[in-house]
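Chemist:
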Amino acid sequence: MEGIEHRMLNVNGINMHVAEKGQKGHPVVLFLHGFPELWYTWRRQISALAALGYRTLAPDLRGYGDTEGPAAAEKYTCLHVVGDMIALLDALEAHDKVFLVGHDWGAQVGWYLCLFRPDRVRAFVALTVPFSPRRPKMKPVESMRAFFGEEYYMCRFQKPGEIEAEIAKYGTGEVLKKILTDRKPGPPRLPKENPFGISPNASPPLPSWISEDDLKYYADKFEHKGFIGGLNYYRALDLNWELTAPWTGARVNVPVKFIVGDQDMVYTTPGVKEYVHSIDGFKKDVPLLEEPVVMEGTGHFLNQERAEESMNRLHKKVYMYSFMDSLIDLAGWSVWSGDFAIDTLYYAECDNYGPGSGMTSRVTWPGYHLMDPTNASNFTASNFVAGDGRLLFTGVPYTGSLM
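Start counting the sequence shown at 1; every next residue gets the next number (UniProt numbering).
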């Protein structure tokens with residue numbers, strides 16, 4: 001794609017491919033793809049946001065595309081992939097907080113990044129996958145088997161080599177085409193007989209939002225790399241559950257926008273819709289969550305299917321927080337030194353000009369008035385910055401006497 005730079009960087013013990021556009025020093029937007037995708041899923045958003053003045057980064061995640069990936073599933077835990085992202089940002093000298101955008105597994109990686117390293121995230125736009133709080137009583141794979149059955153796709157992905165052989169049987173291109181364009185409501189199931197629902201005699205036409213060239217790009221990369229890297233994220237689910245025990249009950253204290261399609265297989269899975277729209281659910285676990293956006297007539301891959309609209313929503317979110325940062329930087333405020341601030345506050349009555357400012361009722365100029373501590377406290381920053389609720393995502397501890 002024109003103007004997109006491709007780089008290979010050694011990060012966290014692996015060589016990672018990243019697509020980049022935009023100038024160094026500009027606000028960074030980090031895009032994280034899902035399964036079965038690549039950096040390429042963000043091809044439209046990368047260029048569009050770079051043209052608006054942002055530095056856009058879109059890596060192939062560990063085990064995908066041109067990024068290296070170990071064969072062992074235990075090398076794909078949440079700690080590994082978050083470590084990859086932190087090392088990538090450091091290698092690219094993106095030390096300020098970034099705007100994070102994630103889809104599918106990229107959204108899940110984004111949730112972990114917000115949970116473990118909120119100091120590196122300015123705001124998060126999560127597409128299709130909401131936050132999933134840790135359930136301490138049962139491991140996730142066991143829980144999914146009990147609730148959805150053995151044919152549930154995440155359960156079918158667990159045994160190494162099994163689903164890979166089925167993909168090879170039906171052909172990489174046809175399987176990718178089916179996954180990328182499928183609109184069957186959740187929960188997704190892969191029966192032993194024809195797990196992907198592919199007809200041997202007919203291949204459905206591609207929708208307008210993905211071309212034959214796009215599909216070929218994906219197919220060529222997965223044909224060369226294989227699916228084991230992407231599948232290992234699912235095979236590390238129980239490991240993630242063990243590793244995240246210290247975060248049981250933890251909340252995500254980063255500003256979040258959640259966007260999903262009404263025909264999305266995750267959103268239509270039993271229980272998800274109720275969690276997303278419940279005050280005691282999603283909003284409780286993510287206190288700085290904005291009102292979720294549900295796109296009508298849209299499936300799981302909304303970042304491609306509704307690329308322009310999703311990009312506009314991303315830009316609105318990123319611009320809003322960039323603008324807020326330009327107006328106020330809480331870290332630059334100082335705490336009162338003794339009575340200095342109180343003793344130097346004053347008010348004065350001034351002349352009044354313009355229509356309706358007649359002289360007859362004007363007060364006589366009385367000069368300056370010093371304020372006592374009680375009156376002065378009404379004008380401190382703590383009164384219009386609403387305590388912890390406003391300060392959480394800045395990383396600045398709440399102080400009641402900011403000036």
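We put the CB at the ideal spot given by N, CA and C, even for glycine.
From a predicted model like this one, the values you see are computed outputs, not experimental measurements.
Reducing DSSP to helix, strand and coil, say where Ala-250 ends up.
Modeler: Three-state result, Ala-250: coil.
Chemist: What does DSSP give as the partner residues of Ala-58 in its beta bridges?
Modeler: Ala-19
Chemist: Quick one: is Glu-349 buried, meaning 16 or more other Cβ sit within 10 Å of its Cβ, or exposed?
Modeler: Reliability of the predicted coordinates at Glu-349 is poor, the pLDDT of 48 falling under 50, and the value obtained from them is presented with this limitation in mind. Classification of Glu-349: exposed, given that the 10 Å Cβ count is below 16.
Chemist: Can the beta-carbon of Ile-14 be found less than 8 Å from the beta-carbon of Glu-74?
Modeler: no
Chemist: May I ask which residues mark the beginning and end of the beta strand (DSSP E) holding Asn-10?
Modeler: In this chain, the beta strand (DSSP E) harbouring Asn-10 covers 5-11.
Chemist: Helix, strand or coil for Met-144 per DSSP?
Modeler: helix
Chemist: Could you work out which residue in Ala-202, Pro-140, Cys-155 is closest to Tyr-170 when comparing CA atoms only?
Modeler: Ala-202
Chemist: Could you check where the beta strand (DSSP E) with Lys-184 kicks off and where it finishes?
Modeler: Per DSSP, Lys-184 belongs to no beta strand (DSSP E) and is neither H nor E.
Chemist: Going by the beta-carbon positions, is the gap between Thr-128 and His-103 smaller than 8 Å?
Modeler: yes
Chemist: Tyr-152 by DSSP, collapsed to three states: which one?
Modeler: strand
Chemist: What number of angstroms, rounded off, separates the C-alpha of Arg-189 from the C-alpha of Tyr-267?
Modeler: 15 Å
Chemist: Starting from the Cα of Arg-134, find the closest Cα among Glu-242, Val-256, Arg-7, Met-311 and give me that residue.
Modeler: Glu-242
Chemist: Going by other Cβ atoms of all chains shown within 10 Å of its Cβ, with 16 needed for buried, is Arg-7 buried or exposed?
Modeler: exposed
Chemist: Identify whether residue 417 lies in helix, strand or coil by the three-state DSSP scheme.
Modeler: The first residue shown for the chain is 1 and the last is 403, placing residue 417 beyond what the model contains.
Chemist: If you drop the 5 nearest sequence neighbours on each side, which residues of the same chain put their C-beta closer than 8 Å to that of Leu-176?
Modeler: Pro-36, Leu-215, Tyr-218, Ala-219, Phe-222
Chemist: Drop a sphere of 10 angstroms on the beta-carbon of Ser-208, count the other beta-carbons inside from all chains shown, and report buried for 16 or more, exposed for fewer.
Modeler: exposed
Chemist: Start and end of the alpha helix (DSSP H) containing Phe-282?
Modeler: 282-285
Chemist: Tell me the start and end of each unbroken alpha helix (DSSP H) in the segment 184-259 that is at least 4 residues and wholly inside, in chain order.
Modeler: 212-225, 228-235, 237-243
Chemist: Over what stretch of residues does the alpha helix (DSSP H) that includes Phe-116 continue unbroken?
Modeler: 105-116
Chemist: Just reading off the beta strand (DSSP E) that Ala-71 is part of, what are its end residues?
Modeler: Looking at the DSSP string, Ala-71 is not in any beta strand (DSSP E), and its letter there is neither H nor E.
Chemist: Leaving out five residues on either side along the sequence, give the residues of the same chain with a beta carbon under 6 Å from the beta carbon of Phe-124.
Modeler: Leu-100, Gly-110, Cys-114, Val-254, Val-256
Chemist: Express the C-alpha separation of Val-260 and Thr-77 in angstroms, rounding to a whole number.
Modeler: 25 Å
Chemist: Pick out whichever of Ala-250, Glu-150, Val-141 has its Cα sitting closest to the Cα of Leu-239.
Modeler: Val-141
Chemist: Could you check how far apart the C-beta atoms of Ala-50 and Phe-31 are, in whole angstroms? I think they sit under 8 Å.
Modeler: About 11 Å; that fails the 8 Å criterion.
Chemist: Taking C-beta to C-beta, are Pro-187 and Pro-270 nearer than 8 Å?
Modeler: yes
Chemist: In chain order, what residues of the same chain lie with their CB nearer than 6 Å to the CB of Glu-2, ignoring the 5 residues before and after it?
Modeler: Correct list: empty, nothing qualifies.
Chemist: Mind reading off the beta-carbon distance from Arg-306 to Met-320? Whole number of angstroms is fine, and I expect it under 8 Å.
Modeler: Rounded to the nearest angstrom, the Cβ distance from Arg-306 to Met-320 is 20 Å, too far for a contact under 8 Å.
Chemist: Within 10 angstroms of the Cβ of Gly-22, are there 16 or more other Cβ atoms? Answer buried if so, exposed if not.
Modeler: buried
Chemist: Assuming Arg-251 and Val-286 are in contact, meaning their beta carbons sit under 8 Å apart, how far apart are those beta carbons, in whole angstroms?
Modeler: 7 Å
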